[in-house]
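To convert a position in the sequence shown, counted from 1, into UniProt numbering, add 23. The structure appears right after this line, and notes come after that.
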Amino acid sequence: TSWVSVGEYKDILLDKSTEGIARVAINRPEKRNAFRPQTISELCDAFIRIREDPKIGVVLFTGVGPSKDGKFAFCSGGDQAIRGSGGYLGDDGIPRLNVLDLQRIIRSLPKVVIALVPGFAIGGGHVLHLICDLSLAADNAIFGQTGPKVGSFDAGFGSSYLARVVGQKKAREIWFLCRKYGAKEALDMGLINAISPINLLESEGVKWAREILQNSPTAIKCLKFSFNADTDGLAGIQELAGQATHLFYTTDESKEGRNAFMEKRDPDFSESKWLP
Ligand code: 2NE
Numbered sequence: 024t025s026w027v028s029v030g031e032y033k034d035i036l037l038d039k040s041t042e043g044i045a046r047v048a049i050n051r052p053e054k055r056n057a058f059r060p061q062t063i064s065e066l067c068d069a070f071i072r073i074r075e076d077p078k079i080g081v082v083l084f085t086g087v088g089p090s091k092d093g094k095f096a097f098c099s100g101g102d103q104a105i106r107g108s109g110g111y112l113g114d115d116g117i118p119r120l121n122v123l124d125l126q127r128i129i130r131s132l133p134k135v136v137i138a139l140v141p142g143f144a145i146g147g148g149h150v151l152h153l154i155c156d157l158s159l160a161a162d163n164a165i166f167g168q169t170g171p172k173v174g175s176f177d178a179g180f181g182s183s184y185l186a187r188v189v190g191q192k193k194a195r196e197i198w199f200l201c202r203k204y205g206a207k208e209a210l211d212m213g214l215i216n217a218i219s220p221i222n223l224l225e226s227e228g229v230k231w232a233r234e235i236l237q238n239s240p241t242a243i244k245c246l247k248f249s250f251n252a253d254t255d256g257l258a259g260i261q262e263l264a265g266q267a268t269h270l271f272y273t274t275d276e277s278k279e280g281r282n283a284f285m286e287k288r289d290p291d292f293s294e295s296k297w298l299p
């Protein structure tokens with residue numbers, strides 16, 4: 024697929040293709056793609072742009088690489104060099120954990136987000152691949168949480184949702200021991216969907232995206248939000264309910280309610296059946 028660069032960002036790259044795919048990449052390879060508040064603000068902006076573009080159905084979310092030492096990373100979590108008291112510090116000196124905003128934007132994006140993990144997915148970077156709809160990894164990928172080693176934790180999606188994905192025992196092992204896991208182990212525990220050689224990772228992602236894009240957008244959106252409704256509490260139910268409202272607005276029954284209000288008359292729902 025051919026990519027066209029979109030937006031002016033410092034810490035990330037955003038590209039779109041003409042066939043309905045977007046590519047978002049964290050671009051701090053010398054830091055193993057660790058994020059700072061600006062990185063996250065830019066990622067939020069990119070994903071919101073994608074949300075508003077009705078031509079895009081699938082997002083490939085990845086990390087730029089290799090770094091000068093030849094290693095690849097998806098993301099190594101929060102940039103510890105600018106971790107202050109109470110959060111990660113931007114130029115404004117305000118401590119932030121704005122990666123939580125990004126997690127919610129990705130979860131509620133009415134499109135499919137595929138993480139392409141070309142190397143390290145560690146700490147808050149591991150959580151970012153976890154919350155994507157699908158994860159494809161290069162055969163050299165390394166996964167793990169480090170929070171209890173570096174004085175941090177993600178007790179939201181990072182732990183509870185991880186347990187939904189890999190099971191309670193494995194999730195507790197991942198967080199309590201802070202081990203690192205290779206791509207094969209990740210596949211065996213259901214943490215990722217497939218492994219590919221690193222030079223084929225993006226083309227594999229495009230292949231998966233093309234298959235998804237052949238299917239019904241509305242069906243896929245409702246399925247995504249059904250999965251979220253089971254795991255994301257009332258916020259997940261809200262997303263599924265929103266899709267029901269979208270569909271209801273297309274019916275004569277719903278339009279009669281709106282028309283009656285606008286015409287200052289009582290609504291007449293007699294044409295609407297109480298179908299089984
Ligand atoms: C990712 C990993 C395992 C890679 O190891 P290795 O040996 O391949 O690379 P190295 O030498 O550690 O890293 C290369 C350069 O990147 C920097 C390093 O400091 C090093 O810089 P120089 O010495 O060359 O100048 N770098 C890597 N990760 C960084 C990071 N997260 N922050 C700042 N600089 C980083 C290895 O690098 C590693 O373990 N990284 C740290 C992983 C980590 O603990 N992340 C934070 C977890 S907490 C979190 O993300 C979080 C949360 O828990 C809750 C909310 C929000 C965030």
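Idealized CB from N, CA, C, for every residue including glycine. The structure presented is a predicted model; accordingly, all values stated were derived computationally and were not measured.
- Counting only the Cα atoms, V150 lies some 13 Å from L157.
- Closest in C-alpha terms to G93, from the list S99, R59, P52, Q103, comes P52.
- Within the same chain, Cβ atoms closer than 6 Å to the Cβ of I63 are found at N121, V122, L125, the five residues on either side in sequence being excluded.
- For Y111, the pairing in a beta bridge is given by DSSP as R106, R119.
- Boundaries of the beta strand (DSSP E) around I49: 44-49.
- Here DSSP, grouped into helix, strand and coil, assigns K278 to helix.
- L37 sits close to G30, with the two beta carbons spaced by under 8 Å.
- L83 sits in a strand when the DSSP states are folded into three classes.
- Non-local C-beta neighbours of S277 in its own chain, meaning closer than 6 Å and more than five positions away in sequence, comprise F271, ordered along the chain.
- Under the DSSP assignment, V189 falls in the alpha helix (DSSP H) whose first and last residues are 185-189.
- Put simply, the backbone Cα of Q191 is about 14 Å away from that of A178.
- At least one heavy atom of the ligand 2NE sits closer than 7 Å to the Cβ of F176.
- Excluding its 5 nearest sequence neighbours in each direction, R195 has C-beta neighbours in its own chain below 8 Å: A186, listed in chain order.
- In this structure V81 is in contact with K134, their Cβ atoms being roughly 6 Å apart against a cut-off of 8 Å.
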